[in-house]
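Below is one structure, written out as C-alpha cells; the observations come after it.
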Amino acid sequence: MLENGLDTQTAQNSAREVRWDLTSLYRGPDDPALARDSKQALELAREFASRWKGRLAELSPVEAGRMLLEYEQ
C-alpha cells in the first residue's frame, strides 16, 4: 500500500496510457543517449537516497537547501 492509499498495481496502471514526446531529446527508444541518460539518472537517484534518506528531521536550513537543490537536478 502506498501512502496515498493506492496499491502499487493501481499506481503503475494509472500511468500506463501516458505518452511523452521526447523527440527533441532522443532519436528513438534505441538511441544510446537515452540509455546513457537513464543510467545516469538512476545513479544520481541512488546517490541522493544514500546521502539524504532518514535525515530530513535533522537537517539544518543550509543542508535542507542543499538537499532541495540536489533534488531539483
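For the sequence shown, our numbering gives the first residue as 78, with consecutive numbering after it.
Glycine included, every Cβ here is placed at the ideal spot set by N, Cα and C.
Next item on the list: Look at Tyr148 and Phe125 and say whether their C-beta atoms are less than 8 Å apart.
Entry: Reading the sequence shown from its first residue, position 71 is the one you call residue 148. Reading the sequence shown from its first residue, position 48 is the one you call residue 125. If you check the CB distance, Tyr148 and Phe125 come in under 8 Å.
Next item on the list: Classify Ala92 as helix, strand or coil using the three-state DSSP reduction.
Entry: As a working note, residue 92 is residue 15 in the sequence shown. Three-state result, Ala92: coil.
Next item on the list: Determine the extent of the alpha helix (DSSP H) in which Ala122 is found, giving its start and end residues.
Entry: The count along the sequence shown starts at 1 and reaches residue 122 at position 45. Looking at the DSSP string, the run of the alpha helix (DSSP H) that includes Ala122 is Pro109 to Trp129.
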